[in-house]
Ligand SMILES: [Zn+2]
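Residue numbers (the numbering used here): 3 to 112.
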């Protein structure tokens with residue numbers, strides 16, 4: 003799982019193909035992510051104290067990480083991500099298209 007919370011991703015499969023959005027939640031166990039504005043589903047709810055009117059509730063549903071690509075902050079393209087060691091020994095993610103680092107994900111190994 004190379005996608006993290008607050009990353010901007012592009013959807014590459016399904017009904018929301020081509021849509022870009024911010025990652026609001028990452029579930030490592032099931033390899034799923036929730037992306038802002040993507041994969042919206044309606045939940046029909048009965049009248050209750052919390053929802054006095056009942057009706058439909060629109061909400062983002064999780065989608066598989068394999069259906070999204072990270073959008074590179076440097077070249078702006080949806081890209082695959084590599085992981086490499088930076089000069090100081092810390093681990094970083096990088097864009098496979100332009101080679102720019104997209105952020106450090108680990109502390110330097112001693
Ligand atoms: Zn790039």
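All C-beta atoms in this analysis are idealised placements derived from N, C-alpha and C, irrespective of residue type, glycine included.
Checklist entry - Cβ of residue 59 within 7 angstroms of Cβ of residue 41? => result At the C-beta level, residue 59 and residue 41 stay beyond 7 angstroms of one another.
Checklist entry - In this structure, what does DSSP give as the bridge partners for residue 29? => result Looking at the DSSP assignment, residue 29 forms a beta bridge with 34.
Checklist entry - Cβ-heavy atom distance between residue 103 and ligand 1 below 6 angstroms? => result No, the beta carbon of residue 103 sits no closer than 6 angstroms to any heavy atom of ligand 1.
Next on the checklist: Between residue 99 and ligand 1, is there a pair consisting of the residue's CB and a ligand heavy atom that are separated by less than 6 angstroms?
Outcome noted: At least one heavy atom of ligand 1 is nearer than 6 angstroms to the Cβ of residue 99, so yes.
Next on the checklist: Count Cβ pairs between the segment 64-78 and the segment 22-34 that sit closer than 8 angstroms; are there 3 or more?
Outcome noted: With the cut-off at 8 angstroms, the segment 64-78 and the segment 22-34 touch.
Item to check | Inter-residue Cα distance where the pair is residue 39 and residue 62 | outcome: Their backbone Cα atoms lie some 6 angstroms apart in a straight line.
Checklist entry - Say the cut is 6 angstroms; is the CB of residue 68 nearer than that to a heavy atom of ligand 1? => result No - ligand 1 has no heavy atom lying nearer than 6 angstroms to the Cβ of residue 68.
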